[in-house]
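Asker: For the sequence shown, numbering that gives the first Met the number 0 begins at 0 and goes up steadily by one. Ideal placement from N, C-alpha and C gives every residue a C-beta, glycine not left out. Structure below; questions to follow.
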Amino acid sequence: MSFLTRLPVRSLSTFQRYYSTSTGSLLDRLKDDRKTFMKAKKQPDLNVVKGLLSDFTYFTKSANFIEGTSDNDALLSVLQKAIKRRQDSVSQFETGGRPELAEQERMELSVLQSYLPAQMSADEIELEVAKVIQEVGATTAKDMGKVMKAWKLDAATADRKLVSETVKRLLN
Numbered sequence: 000m001s002f003l004t005r006l007p008v009r010s011l012s013t014f015q016r017y018y019s020t021s022t023g024s025l026l027d028r029l030k031d032d033r034k035t036f037m038k039a040k041k042q043p044d045l046n047v048v049k050g051l052l053s054d055f056t057y058f059t060k061s062a063n064f065i066e067g068t069s070d071n072d073a074l075l076s077v078l079q080k081a082i083k084r085r086q087d088s089v090s091q092f093e094t095g096g097r098p099e100l101a102e103q104e105r106m107e108l109s110v111l112q113s114y115l116p117a118q119m120s121a122d123e124i125e126l127e128v129a130k131v132i133q134e135v136g137a138t139t140a141k142d143m144g145k146v147m148k149a150w151k152l153d154a155a156t157a158d159r160k161l162v163s164e165t166v167k168r169l170l171n
């Protein structure tokens with residue numbers, strides 16, 4: 000009996016989910032960048048990418064992960080959380096009088112933002128919000144919840160905070 004015949008058989012979908020390199024373009028890009036940064040000895044960038052891949056792996060194995068979610072959607076969610084965490088750190092380091100740590104977080108933030116899809120400009124967001132306000136028929140600030148529920152664009156392309164500020168401004 001060979002060694003391979005004694006190994007337990009795992010489902011192919013489980014194997015593909017965790018070990019396949021053809022799961023998504025963003026994941027492939029991160030893995031390729033990890034190799035590139037290792038070869039170029041870009042340690043700060045490498046640490047950011049490795050941390051992001053680690054967060055992604057942890058998220059996909061956690062109870063919060065919903066089966067059937069694409070890897071790109073899950074990775075974008077993890078990426079946005081990492082960006083928000085870095086932005087909070089920058090503001091806290093600046094208020095705490097630690098500019099060198101704030102600068103390091105800004106560098107990590109710029110690396111993370113390079114993996115986001117193209118962001119909508121403030122003017123484009125304002126046009127889309129105006130369309131949604133007309134569709135919903137919102138007239139006062141009390142209708143902000145209706146407008147935000149009707150917002151269809153992905154949070155990866157339009158920052159939710161900027162969208163909510165635009166909605167507030169247009170409804171007041």
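Are the region 116 to 136 and the region 91 to 103 touching by the rule of at least three beta carbon pairs closer than 8 Å?
Answerer: They do not touch, by the three-pair rule.
Asker: State yes or no: is the C-beta of residue 162 within less than 8 Å of the C-beta of residue 110?
Answerer: Taking the sequence shown and counting its residues from 1, one reaches residue 162 at position 163. Taking the sequence shown and counting its residues from 1, one reaches residue 110 at position 111. Going by C-beta atoms, residue 162 is not nearer than 8 Å to residue 110.
Asker: Just the C-alpha distance for residue 77 and residue 100, rounded to the nearest angstrom, thanks.
Answerer: Reading the sequence shown from its first residue, position 78 is the one you call residue 77. Reading the sequence shown from its first residue, position 101 is the one you call residue 100. C-alpha separation (whole angstroms): 22 Å.
Asker: Could you give the first and the last residue of the continuous alpha helix (DSSP H) run that contains residue 122?
Answerer: Your numbering for residue 122 matches position 123 in the sequence shown. Looking at the DSSP string, the run of the alpha helix (DSSP H) that includes residue 122 is 121 to 135.
Asker: Beta-carbon separation of residue 170 and residue 129 under 8 Å?
Answerer: As a working note, residue 170 is residue 171 in the sequence shown. As a working note, residue 129 is residue 130 in the sequence shown. Not closer than 8 Å, so no.
Asker: Just the C-alpha distance for residue 182 and residue 136, rounded to the nearest angstrom, thanks.
Answerer: Past the edges of the chain, shown from 0 to 171, lies residue 182, and the structure says nothing about it.
Asker: Looking at residue 85 and the ligand MN, is the gap between the Cβ and the nearest heavy atom below 7 Å?
Answerer: Summarising the ligand content, the structure contains no ligands, and the ligand MN is consequently not present.
Asker: Roughly how many angstroms separate the alpha carbons of residue 19 and residue 75, rounded to a whole number?
Answerer: For the purposes of this step, residue 19 is taken as the residue at position 20 of the sequence shown. For the purposes of this step, residue 75 is taken as the residue at position 76 of the sequence shown. Only weak support exists for where residue 19 lies, its pLDDT of 38 falling under 50; the value from the coordinates is given anyway. If you take the alpha carbons of residue 19 and residue 75, they lie about 18 Å apart.
Asker: For residue 73, collect the residues of the same chain with a Cβ closer than 8 Å to its Cβ; drop the 5 residues on either side in sequence, then sort them by chain order.
Answerer: Indexing the sequence shown from 1 puts residue 73 at position 74. Excluding sequence neighbours, residue 73 sits near 55, 58, 59, 64.
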